[in-house]
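In the numbering used here, the protein residues as written are 1338 to 1501. Think of the CB as a built atom: it goes at the ideal place given N, C-alpha and C, for glycine as much as any other residue. Comments concern the structure below.
Take a look at the structure:
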């Protein structure tokens, strides 16, 4: 193996790789449940999902808000695609570039999660437990990807900025 190939390999413990895969799979499952909830609510206004626990924790209230739709599609659909991509990357042979890209990609994902949590709290006035579970998956994915690189998030951001 050449030196450049050795540098591109991530010495990633199996536990980190499988943690990334597990968090991605969990996020994908939560996102797909939310897509189903969103579509059921649109088709049947009398439908009530399983995650309504009063006014504060009410998935239906969140999923019927304008914040749950992007370009006419359920926001969770985009989340499902993202989780599927991360899962695929986690199952591939890891390289430093892949881990850096996941870490760098994790920053805007975390910011978006924080924004959605704010919208849920301040604008909608309710939280969706499936959404909160996805926020936690996003935090976990970022941490595991950063641990895989064993570098500061700043290095991941610099890597992202250098990409064409």
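Grouping DSSP H, G and I as helix and E and B as strand, with all else coil, what is residue i?
{"i": "residue 1483", "result": "helix"}
{"i": "residue 1445", "result": "helix"}
{"i": "residue 1415", "result": "helix"}
{"i": "residue 1367", "result": "helix"}
{"i": "residue 1309", "result": "The first residue shown for the chain is 1338 and the last is 1501, placing residue 1309 beyond what the model contains."}
For the alpha helix (DSSP H) that contains residue i, what are its first and last residues?
{"i": "residue 1429", "result": "Premise fails: residue 1429 is in no alpha helix (DSSP H) and is neither H nor E."}
{"i": "residue 1396", "result": "1396–1400"}
Could you name the residues of the same chain whose beta carbon sits closer than 6 angstroms to that of residue i, not counting the 5 residues immediately before and after it, in chain order?
{"i": "residue 1361", "result": "1420, 1423, 1424, 1427"}
{"i": "residue 1411", "result": "1372, 1375"}
{"i": "residue 1461", "result": "1399, 1402"}
{"i": "residue 1367", "result": "1467, 1470, 1471"}
{"i": "residue 1324", "result": "With the chain covering 1338 to 1501 only, the question about residue 1324 has no answer from this structure."}
{"i": "residue 1476", "result": "none"}
So, for residue i: in the same chain, excluding its five sequence neighbours on each side, which residues have a beta-carbon less than 7 angstroms away from its beta-carbon?
{"i": "residue 1365", "result": "1417, 1420, 1421, 1424"}
{"i": "residue 1482", "result": "1357, 1436, 1439, 1440, 1443"}
{"i": "residue 1392", "result": "1463"}
{"i": "residue 1385", "result": "1397"}
{"i": "residue 1363", "result": "1474"}
{"i": "residue 1415", "result": "1407"}
{"i": "residue 1405", "result": "1375, 1399, 1411, 1412"}
So residue i and residue j are supposed to be a Cβ contact under 8 angstroms. How far apart are they, rounded?
{"i": "residue 1472", "j": "residue 1450", "result": "4 angstroms"}
{"i": "residue 1389", "j": "residue 1397", "result": "6 angstroms"}
{"i": "residue 1453", "j": "residue 1413", "result": "Not confirmed; about 11 angstroms, so no contact."}
Measuring alpha carbon to alpha carbon, tell me which residue in the options is nearest residue i.
{"i": "residue 1401", "options": "1475, 1415, 1377", "result": "1377"}
{"i": "residue 1399", "options": "1444, 1459, 1440, 1435", "result": "1459"}
{"i": "residue 1445", "options": "1387, 1408, 1479", "result": "1479"}
{"i": "residue 1387", "options": "1352, 1465, 1484, 1475", "result": "1465"}
{"i": "residue 1447", "options": "1474, 1457, 1434", "result": "1474"}
{"i": "residue 1379", "options": "1409, 1485, 1456", "result": "1409"}
{"i": "residue 1394", "options": "1486, 1484, 1429, 1457", "result": "1457"}
Looking only at its chain, what residues have a beta carbon closer than 8 angstroms to the beta carbon of residue i, apart from the 5 residues adjacent to it on each side?
{"i": "residue 1429", "result": "1435"}
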